[in-house]
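Using my numbering, you'd call the opening residue of the sequence shown number 741 and step up by one each time.
Backbone N, C-alpha and C define an ideal beta-carbon position, used for all residues, glycine too.
Bear in mind that the values here come from a model prediction, so they are computed numbers and not experimental data.
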Amino acid sequence: MKTTVCFLSIIFSTFCFAQKEFQPKNSTVNETVDGDLDGDKIPEKVIVYDIVPNNDYGDIREIQILKKVNNKWTILEKSRNAILRSKDGGMMGDPYMSTTIEKGILNITHYGGSSWKWGGTDKYRFQNGHFELIGFSSESGKPEEYWTTVDFNFSTGKLIFNKEVVNTKEYGKSKNEIFIKKGMKINLQNRNQEKQRKIILPKTKEDIYL
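Right under this line is the structure:
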């Protein structure tokens, strides 16, 4: 029992040292998640930090993926573009919901808005030496007006769009479309740009924002 406690204490101490070493200045830990992300059956550690900026735009989010190499923690990848700031959610407040790991996939979820709501989940896989966006699902709208869902598989290029309209007088009939859009390269480093990426669907002429 003492041996087990001692071993766990060493692991915890090693991680605390690594966290302190890599932790950004003026930051606090928002969330920590463990899971195998590169297929070697050894769990990586994902940490989301809140960084207080010198402005009023809300806390910056830095995500770090730590990997243990030769019994030492190293940064596999980090980014300040994958998670939105704490004031980017509109009236609902902080849009950041969670980071999870499922079957080797890194999932980052946001929700925001007010009476009109929006939200979605990014799915990243570690491939080609970094974390690439392989899936994007989103929903937006207002229940008594219309509700839109998007499911975009970046690996196959298949985008499924559905718009259920309640207020047909104002917004017309419900719409749906399946569109193939290949070649988009998005990763942790270039995820959220100052100018949003937009896809115009050829059949319904609807705008899809990524």
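Would you verify that the beta carbon of residue 914 is, or is not, closer than 9 Å to some beta carbon of chain B? Annotation note: the requested chain B is absent from the structure, which comprises a single protein chain.
First and last residue of the alpha helix (DSSP H) that includes residue 908? To locate residue 908, count along the sequence shown from 1; it is residue 168. First-last of the alpha helix (DSSP H) with residue 908: 908 to 911.
Neighbour-count burial assignment, residue 774, 16 or more Cβ in a 10 Å radius: Here the question's residue 774 lines up with position 34 in the sequence shown. Exposed: under 16 other Cβ atoms inside 10 Å.
Tell me, to the nearest whole angstrom, how far the beta carbon of residue 919 is from that of residue 950; I am working on the premise that it is less than 8 Å. As a first step, residue 919 is located in the sequence shown; it is residue number 179 there, counting from the start. As a first step, residue 950 is located in the sequence shown; it is residue number 210 there, counting from the start. Wrong, their Cβ atoms sit about 13 Å apart, outside the cutoff.
Per DSSP, what kind of secondary structure is residue 946 in: helix, strand or coil? The residue given as residue 946 occupies position 206 in the sequence shown. Residue 946 falls in the coil class under three-state DSSP.
Going by C-alpha distance, which of 885, 893 and 921 is nearest residue 913? Residue numbering aside, residue 913 sits at position 173 when the sequence shown is read from its first letter. Closest by alpha carbon: 885.
List the whole-angstrom C-beta distance separating residue 814 from residue 806, where the pair is believed to meet the contact cut-off of C-beta under 8 Å. As a position in the sequence shown, residue 814 is number 74, starting the count at 1. As a position in the sequence shown, residue 806 is number 66, starting the count at 1. 7 Å between Cβ atoms; contact.
What does the alpha-carbon distance come out to for the pair residue 901 and residue 771? For the purposes of this step, residue 901 is taken as the residue at position 161 of the sequence shown. For the purposes of this step, residue 771 is taken as the residue at position 31 of the sequence shown. Distance between the alpha carbons of residue 901 and residue 771 is about 32 Å.
I need the straight-line Cα distance from residue 939 to residue 811, nearest angstrom please. Counting from 1 along the sequence shown, the entry for residue 939 is found at position 199. Counting from 1 along the sequence shown, the entry for residue 811 is found at position 71. Residue 939 and residue 811: Cα-Cα distance of roughly 45 Å.
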